[in-house]
Amino acid sequence: MAEGGAADLDTQRGEVATLLKTQLRKGDTWYLVDSHWFKQWKKYVGFDSWDKYQMGDQNVYPGPVDNSGLLKDGDVLAIKEHLIDELDYILVPTEGWNKLVSWYGLTEGQEPIARKVVEQGMFVKHCKVEVYLTELKLCEDSNMDNVITKRFSKADTIDMIEKEMRKLFSIPDEKETRLWNRYMSNTFEPLNKPDSTIQDAGLYQGQCGGPFCPL
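In terms of full-length UniProt numbering, the sequence shown opens at residue 1 and continues consecutively.
So, in structure tokens, the structure goes:
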């Protein structure tokens with residue numbers, strides 16, 4: 001057994017190598033791991049042939065998974081802009097993430113950076129991990145100055161936004177609500193298809209002052 005009761009290094013290396021080859025499937029969850037930490041882990045388990053000489057060396061023991069290099073200062077949920085796959089971070093499927101955290105733990109005060117696989121492309125669909133979420137501005141029509149900003153996946157539905165808004169604004173389940181997209185200063189569009197995704201509904205970051213979803 002490796003340090004911390006983890007699986008032995010050969011097992012770790014083999015299991016993670018297999019999981020990294022997992023095909024992307026729409027709706028699956030993948031996790032970002034800071035490349036700096038992952039490179040250290042690869043040295044420790046002898047992942048690449050040229051790293052075998054350091055395998056098991058406590059000088060390269062990676063410690064808890066640490067994504068601090070990916071995070072904006074003071075925000076455990078917001079990642080820095082313009083991060084590049086495989087240069088700044090590695091994507092691992094849920095099972096791989098769970099194994100790494102069970103073996104090494106997660107740095108105190110950090111949250112997992114979980115992202116959904118979405119379909120992209122107008123005619124030819126391909127799957128991609130949605131690393132950067134869509135930031136929506138939410139408010140009630142009774143108080144449109146009280147705006148709460150939340151991040152959503154393009155795969156999230158209008159129904160999920162409504163449920164989140166009920167929580168944020170303490171709106172009881174029995175109260176009837178309607179969602180609207182404000183895409184110009186005084187132009188509103190009803191969001192009346194609960195099963196529509198954010199992508200299908202045409203909600204995106206950077207619209208004029210919004211999008212706002214008054215209730």
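For every residue, glycine included, the Cβ atom is placed at its ideal position computed from N, Cα and C.
Inspect the beta-carbon positions of residue i and residue j and report whether they are closer than 8 Å.
i	j	result
Gln40	Val60	yes
residue 268	Asp156	In the structure as shown, the chain starts at 1 and stops at 215, and residue 268 therefore has no counterpart that could be examined.
Leu77	Asp85	no
Val131	Leu24	no
Leu203	Leu106	no
Trp30	Val117	yes
Leu168	Leu138	yes
Leu70	Leu87	no
Pro62	Tyr44	yes
Glu119	Lys26	yes
Does DSSP classify residue i as helix, strand or coil?
i	result
Val131	coil
Ala7	coil
Asp159	helix
Met55	coil
So is residue i buried or exposed if we call it buried at 16+ other beta carbons inside 10 Å?
i	result
Asp34	buried
Asp57	exposed
Arg178	exposed
Could you please give me the residues that DSSP links to residue i through a beta bridge?
i	result
Leu32	Leu91
Ile171	None, per the DSSP bridge assignment.
Val117	Val129
Pairing CB atoms from the region 101-113 with CB atoms from the region 150-163, are three or more of them under 8 Å? These segments do not touch.
Give a yes or no on contact between the region 45-54 and the region 95-110, applying the rule of three or more CB pairs nearer than 8 Å. Verdict: no, contact absent.
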